[in-house]
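Engineer: Quick one: structure below, then a few questions.
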Amino acid sequence: MSSKREGSPWSLKLNTASLVLIPAAIGINYVGKLFASMLKLPLWLDSIGTCLSACMAGPVVGALSGFLTNVIYGLTMDPISTVYGLTQAGIGIAVGLMAWYGHMRKAPGILVAGLVAGLVAVCISTPLNMAFWGGSTGNVWGDAAFAAMGSQGFLASAVDEIIVDLPDKIVVLFITAGIYKVLPKSLISLYQAKDESLD
Amino acid sequence: MKSISLFEEKHSFLNGLSPETKLLYVVVAIAFPALVGGTVPQLAIMLLSIALLAGSKILTKSKPIIAVSGFVLLTVVIVQTFFRGGAYTELFRIGPLVARREGFDYSLGIVLNVFNIIFAFCVFVLATKPSDMMQSMVRRGISPRLGYVFVSLFQIIPQMTEHTSTITDAQRSRGMQTEGSLGTRVRAFLPLISPVIMSSFTDTRERSIALEVRGFNSHERKTFLDEFVPSSADRPVRIALLALLTLGVAFFVLRIVGVVSWPR
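If you're matching them up, the sequences are chains A and B in order.
End of the first sequence = 199 in the working numbering, gap-free, step of one.
End of the second sequence = 264 in the working numbering, gap-free, step of one.
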């Protein structure tokens, strides 16, 4: 994956290529979730698009893709998932920064990036879980641990979220890194060239 | 073109209100009960939302949304009723599991809150066209380019999800297993998702060229092809909502000071 780049990760301009990347990333999030539930996998796998766009076009585009994914979920399926857009935005920023500083090239770096993204997700999601669902996540394994810890309190809710989020984000980042490696270079250069324009 | 939007034009009272007013309704529906406290305001607003949806003949369209959150709510009720820690009053027993009144009451509060939010959101989501939402966002100063991203999502996502069944069939015909042990199913994930990703990125490239040649980056002022005109009820409704919100804040302040209290 790309080595450390020049300039600031936040200074990315939203050019046309980055803007059309956002819908594609959101679609990938959607399809990832769809396949995960079709294959009855115990993970969500609904942030592959967010992570890919963050790796390709930086934390701003990653955060926007993540946030809008949940806004669209909110507008079409599950209103409360809108607030979890904050979690996805956090994941986009974390992964975008990790990729920007070149931590996504080798397996140990990817593992660390997965842990960071997972912890960011836990820190943002747990207070939301407490506010809306009394601390549950809706995932069987996480909720079983939550129930075993007395179904209340911040700690039990955080453990519930960690059980679901950490493995999910690690797997997602390994998938992302794998896909990123095989993407055509001409496509990636569209986002990472210094002054990219299709004019 | 197929869209994932749940909106349906019924020329109803809700369709005539501007997106901002309906969004304000969502804010008031969530904030007012929180400010005033107690379950009565929550229940009242939830019933109002249901009445508004029924009046606009879109209540049945809220079913899939209820189903998604309903499942999570069911797990919340089970987890809280049978496993909530602390002192408890026994309701009934199923084998070794004791149903606890405290946990059950707590979960009912969550159910009511979530249903209130969902029905209020339905008032907004089921009665507002995505392009009208975008129009009002752009009027409020959001870049028309981001507006395009938002509206295009409603069409790009169904295109991509339609693609998934083709890919699943193609990979199965090449001998890929999609059922069986966890290992088999995990191995199937990558061959399924990677064609979607590759093709969507190829489309991305083509779409960005298509947009640029049509002047997407032009700095000329953009105009709207299909301008939304709110009905005459829009203004009074918005004023009433703002008044209710102000009332809620005033009640909250008085409650904090200790002048009034809500019978629980």
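Where is the CB? At the ideal position from N, CA and C, for every residue including glycine.
1. Could you confirm whether any beta carbon from chain E is found closer than 7 angstroms to the beta carbon of Q80(B)?
2. How long is the line joining the alpha carbons of I78(B) and N139(A), rounded to whole angstroms?
3. From the DSSP output, in three-state form, read off V98(B) for me.
4. Since V123(B) contacts Y25(B) with CB under 8 angstroms, what's their CB separation in whole angstroms?
5. DSSP three-state label for E161(A), please.
6. Taking 8 angstroms as the limit between beta carbons, can you name the residues of its chain near L21(A), skipping five residues before and five after?
7. I need the boundaries of the alpha helix (DSSP H) containing T126(A), first residue and last residue.
8. In three-state DSSP terms, what is F251(B)?
9. Against chain B, does V31(A) count as a neighbour if the rule is that its beta carbon must be under 7 angstroms from one of theirs?
10. As a quick exercise: from L23(B), L14(B), L254(B), V249(B), pick the residue whose alpha carbon is nearest that of M134(B).
11. So the alpha helix (DSSP H) P69(A) belongs to, where does it begin and stop?
12. Keeping to the same chain, check which residues put their C-beta closer than 8 angstroms to that of G150(A); ignore five residues upstream and five downstream.
13. Verify the CB distance criterion: does T76(A) have a CB-CB separation below 7 angstroms to chain B?
14. Report back the beta-carbon spacing between P184(A) and S152(B) to the nearest angstrom; my notes put them in contact at under 8 angstroms.
15. Report buried or exposed for L73(B), applying the criterion of at least 16 other Cβ atoms within 10 angstroms of its Cβ.
16. Rounded C-beta distance between K169(A) and A121(A)? I'm assuming under 8 angstroms.
17. Is M46(B) close to chain A? Criterion is C-beta to C-beta, closer than 7 angstroms.
18. My understanding is that S18(B) touches D226(B), with C-beta atoms under 8 angstroms, so please give their C-beta distance in whole angstroms.
19. Could you give the residue range of the alpha helix (DSSP H) that holds A127(B)?
20. Would a check of beta-carbon distances place V244(A) closer than 7 angstroms to chain B?
21. Y30(A) and I157(B) - do their beta-carbons sit closer together than 7 angstroms?
22. Please classify H103(A) as buried or exposed, where buried requires at least 16 neighbouring CB atoms within 10 angstroms.
23. Given this structure, state the Cα-to-Cα distance separating V95(A) from R140(B), to the nearest angstrom.
24. Out of L34(A), S37(A), M38(A), L45(A), which has the shortest C-alpha to C-alpha gap to L173(A)?
25. Check whether chain B comes within 7 angstroms of E196(A), counting only Cβ atoms and requiring the distance to be less than that.
26. If A274(A) sits next to I110(A), beta carbons under 8 angstroms apart, how far is it from one beta carbon to the other, in whole angstroms?
27. Give the DSSP-derived three-state secondary structure of E179(B) in the structure shown.
28. Beta-carbon of L211(B) versus every beta-carbon of chain A: anything under 7 angstroms?
29. For chain B, find out if any of its Cβ atoms is closer than 7 angstroms to the Cβ of V20(A); answer yes or no.
30. Using a Cβ cut-off of 7 angstroms (strictly closer), state whether L59(B) contacts chain A.
31. Would you decide whether D266(B) is buried or exposed? Buried here means 16 or more other CB atoms lie within 10 Å of its CB.
32. Tell whether a beta-carbon distance below 7 angstroms holds between T69(A) and I26(A).
33. Does DSSP classify S62(B) as helix, strand or coil?
34. Determine whether the beta carbon atoms of A158(A) and T137(A) lie at a separation below 7 angstroms.
35. Just checking my contact of A63(A) with I93(A) at CB under 8 angstroms: how many whole Å lie between their CB atoms?
36. Can you check which of these residues, V149(B), L241(B), G70(B), is closest to V111(B) by C-alpha distance?
Structural biologist: With the structure as the only source:
1. In summary, chain E is missing from the structure at hand, where the protein chains are A and B.
2. Position 78 of the second sequence, counted from the first residue, corresponds to residue 78(B). Position 139 of the first sequence, counted from the first residue, corresponds to residue 139(A). Whole-angstrom Cα-Cα distance: 13 angstroms.
3. Taking the first residue of the second sequence as 1, we reach residue 98(B) at position 98. Residue state, collapsed to three classes: strand.
4. Here residue 123(B) corresponds to residue number 123 of the second sequence, with the count starting at 1. Here residue 25(B) corresponds to residue number 25 of the second sequence, with the count starting at 1. Indeed, because the Cβ distance is near 6 angstroms, the residues count as touching under 8 angstroms.
5. Taking the first sequence and counting its residues from 1, the one referred to as residue 161(A) is at position 161. Here E161(A) sits in helix by DSSP.
6. Reading the first sequence from its first residue, position 21 is the one you call residue 21(A). Within the same chain, L21(A) has close Cβ partners S53, M56, A57, V61, S65, Y191.
7. The sequence position of residue 126(A) within the first sequence is 126, counting from 1. Segment 107-133, the alpha helix (DSSP H) holding T126(A).
8. Taking the second sequence and counting its residues from 1, the one referred to as residue 251(B) is at position 251. F251(B) falls in the helix class under three-state DSSP.
9. Mapped onto the first sequence, residue 31(A) falls at position 31. For V31(A), the answer is yes, since a Cβ of chain B falls inside 7 angstroms of its Cβ.
10. Position 134 of the second sequence, counted from the first residue, corresponds to residue 134(B). Of the candidates L23(B), L14(B), L254(B), V249(B), the one whose C-alpha sits nearest the C-alpha of M134(B) is L23(B).
11. Start at 1 with the first residue of the first sequence, and residue 69(A) comes out as number 69. What sits at residue 69(A) in the sequence shown is Thr, not Pro. Looking at the DSSP string, the run of the alpha helix (DSSP H) that includes T69(A) is 59-76.
12. Taking the first sequence and counting its residues from 1, the one referred to as residue 150(A) is at position 150. So the list reads A156, once near-sequence residues are dropped.
13. Working through the first sequence from its first residue, we reach residue 76(A) at position 76. Closer than 7 angstroms: yes.
14. The count along the first sequence starts at 1 and reaches residue 184(A) at position 184. The count along the second sequence starts at 1 and reaches residue 152(B) at position 152. P184(A) to S152(B), Cβ: 23 angstroms. No contact.
15. Counting from one through the second sequence, the residue named residue 73(B) turns up at place 73. It counts as buried.
16. Here residue 169(A) is taken as the residue at index 169 of the first sequence, counted from 1. Here residue 121(A) is taken as the residue at index 121 of the first sequence, counted from 1. Right, the Cβ-Cβ distance comes to about 6 angstroms (below 8 angstroms), so this counts as a contact.
17. Within the second sequence, residue 46(B) is the residue found at index 46, counting from 1. Not closer than 7 angstroms to any Cβ of chain A, the Cβ of M46(B) fails to qualify, so no.
18. Looking up residue 18(B) in the second sequence gives position 18. Looking up residue 226(B) in the second sequence gives position 226. The Cβ separation is near 14 angstroms, so there is no contact.
19. By 1-based counting over the second sequence, the position of residue 127(B) is 127. Where A127(B) is concerned, there is no enclosing alpha helix (DSSP H), given that its DSSP letter is neither H nor E.
20. In this structure chain A extends from 1 to 199, so residue 244(A) is not present and cannot be described.
21. Looking up residue 157(B) in the second sequence gives position 157. Looking up residue 30(A) in the first sequence gives position 30. Cβ atoms of I157(B) and Y30(A): closer than 7 angstroms.
22. The count along the first sequence starts at 1 and reaches residue 103(A) at position 103. Flag for H103(A) reads buried.
23. Within the first sequence, numbered from 1, the residue matching residue 95(A) stands at position 95. Within the second sequence, numbered from 1, the residue matching residue 140(B) stands at position 140. Going from the Cα of V95(A) to the Cα of R140(B) covers about 31 angstroms.
24. The residue you call residue 173(A) lines up with position 173 of the first sequence. The shortest Cα separation from L173(A) among L34(A), S37(A), M38(A), L45(A) belongs to L45(A).
25. Indexing the first sequence from 1 puts residue 196(A) at position 196. Low per-residue confidence applies at E196(A): pLDDT is 46, beneath 50, and the placement is therefore not dependable, though the value from the model is reported in the following sentence. By this cut-off, E196(A) is not an interface position.
26. Residue 274(A) falls outside the range modelled here, since chain A spans only 1 to 199, and no answer is possible.
27. Here residue 179(B) corresponds to residue number 179 of the second sequence, with the count starting at 1. Three-state result, E179(B): coil.
28. As a first step, residue 211(B) is located in the second sequence; it is residue number 211 there, counting from the start. The beta-carbon of L211(B) is placed less than 7 angstroms from the nearest beta-carbon of chain A.
29. Here the question's residue 20(A) lines up with position 20 in the first sequence. So yes, V20(A) belongs to the interface.
30. The sequence position of residue 59(B) within the second sequence is 59, counting from 1. No, no contact with chain A.
31. Within the shown structure, residues of chain B are numbered from 1 to 264, placing residue 266(B) beyond reach of any answer.
32. Locating residue 69(A) in the first sequence gives position 69, counting from the first residue. Locating residue 26(A) in the first sequence gives position 26, counting from the first residue. Yes, they are a contact pair.
33. For the purposes of this step, residue 62(B) is taken as residue 62 along the second sequence, with counting starting at 1. The answer is helix: DSSP assigns S62(B) an H, G or I state.
34. Taking the first residue of the first sequence as 1, we reach residue 158(A) at position 158. Taking the first residue of the first sequence as 1, we reach residue 137(A) at position 137. No, the Cβ-Cβ distance between A158(A) and T137(A) is not below 7 angstroms.
35. Mapped onto the first sequence, residue 63(A) falls at position 63. Mapped onto the first sequence, residue 93(A) falls at position 93. That pair is a contact at about 5 angstroms.
36. Sequence index remark: in the second sequence, residue 111(B) carries index 111 (1-based). Closest option to V111(B), Cα to Cα, is G70(B).
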